[in-house]
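Shown next, in structure tokens, is the structure this report addresses.
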Amino acid sequence: WTGGSPFLSLWPGGKSYEELKMKDKSPRQNLVEEAVWSGSRVQKSNGEEKPRRSCMRRGCKHRSRGAEEERSKLARGDQLQSPPAPAHSHGPFHCPDCGKGFKRNSHLVTHQRIHSGERPYECPECGKSFRDSSALYVHERTHTGARPYECGECGKSFTQSSHLIIHQRNHTGERPYKCDQCRRRFPSSSSLLLHQRIHTDERPFLCPDCGKGFRHNSSLVTHRRIHTGERPYKCPQCDKSFSKSSHLTRHQRSQH
1 WTGGSPFLSL
11 WPGGKSYEEL
21 KMKDKSPRQN
31 LVEEAVWSGS
41 RVQKSNGEEK
51 PRRSCMRRGC
61 KHRSRGAEEE
71 RSKLARGDQL
81 QSPPAPAHSH
91 GPFHCPDCGK
101 GFKRNSHLVT
111 HQRIHSGERP
121 YECPECGKSF
131 RDSSALYVHE
141 RTHTGARPYE
151 CGECGKSFTQ
161 SSHLIIHQRN
171 HTGERPYKCD
181 QCRRRFPSSS
191 SLLLHQRIHT
201 DERPFLCPDC
211 GKGFRHNSSL
221 VTHRRIHTGE
231 RPYKCPQCDK
241 SFSKSSHLTR
251 HQRSQH
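Okay, here's the thing in structure tokens:
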């Protein structure tokens, strides 16, 4: 590693795993992601933040403490907490807004941005801003294609260790998150939250044109094509276009 981002590898279209998954997440779940990001932050002696480097490549004998902390948090279900908690929940530095205590003033400063909405760390590539430097560091992998966390079973790589942990459950069959309504189990808290909307009928994604609500953001994106007339799926045989990929597949099977 010589100054650039480690282990560069782009997915189709230059999009990262987190970008592809983010579209089906509600604001609450996006807040959960920031809780995982904050686990990779390191405090320097001068109070300044710096991102922690991790080693989870196939054949590597060492795992970063940050990755182990994230694994521990995920195992306990801590990622369901909202807003994200800092490393220390108790200490002499107290938040005047919610009373939460911290052992370091720098942790308090970062926490207070939840209340103030301040996002001082801006991505130089796209201008998106973040509350802490570790979140920016993870986001920048979207642009660089860096995926430092690799699955030892199949070689698939990820931008965050938490995504690797969830992926590895496909190999182990582990499903630690259980629905209280129907007892169905899931490999991640986000998939459980999406499932629970079936029972609660929660539809947090609203169409700005007609007000119709949807459980998934991807469903809203597809629905809005009714209003915009967008048909991004084109048949290569006859140039006919469709608003859904399933409609294109059905057309190709019946017509060609």
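Under full-length UniProt numbering, the first residue of the sequence shown is numbered 1, with each subsequent residue one higher. Here a beta-carbon is modelled for each residue, glycine too, at the ideal position from N, C-alpha and C. Here the structure is a predicted model, which means the values were calculated and not measured.
Here DSSP, grouped into helix, strand and coil, assigns Arg197 to helix. Look at Ser188 here: in three-state DSSP terms it is coil, with no helix or strand label. For Lys178, the beta-bridge partners assigned by DSSP are Arg185. Here Tyr121 is near Ala135, since their CB atoms are less than 9 angstroms apart.
Spatial neighbours of Glu153 in its own chain (CB-CB distance under 8 angstroms, excluding positions within 5 residues in sequence) are listed in chain order as Gln168 and His171. For Leu193 and Gln252, the gap between their C-alpha atoms comes out near 35 angstroms. Counting C-beta atoms within 10 angstroms of its own C-beta, Arg215 has 16 or more neighbours from the protein chains shown and is therefore classed as buried. Scanning Gln181, Ser188, Pro208 and His143 for the CA closest to the CA of Leu164 turns up Ser188. In the three-state DSSP reduction, His94 falls in the strand class (E or B). Secondary structure of Ser157 (DSSP, three-state): strand. Judged by DSSP in its simplified three-state form, Ser246 adopts helix. In this structure, the alpha-carbon of Tyr137 lies about 47 angstroms from that of His256. Annotation: the continuous alpha helix (DSSP H) that includes Arg225 extends over Asn217 to Thr228. Cβ-Cβ separation between Arg104 and Arg131: approximately 16 angstroms, too far for a contact (criterion under 8 angstroms). Taking each of Gln196, Ser116, Arg225 and Pro236 in turn and checking the Cα distance to Asp209, the smallest one comes out for Arg225.
According to DSSP, Lys234 shares a beta bridge with Ser241.
Burial state of Gln160 is buried, judged by a 10 Å Cβ sphere holding 16 or more other Cβ atoms.
The bridge partners DSSP lists for Leu206 are Gly213. If you ignore the 5 residues before and after His143, its C-beta comes within less than 6 angstroms of the C-beta of Glu125, all in its own chain and listed in chain order. Straight across, the Cα-Cα distance linking Asp239 with Tyr233 is about 9 angstroms.
Under DSSP, Tyr121 forms a beta bridge with Phe130. Out of Ser254, Ser243 and His227, the CA that lies nearest to the CA of Gln237 is found in Ser254.
Excluding the 5 residues flanking it on each side, Leu108 has same chain C-beta neighbours closer than 7 angstroms at Phe93, Cys95 and Phe102, in chain order.
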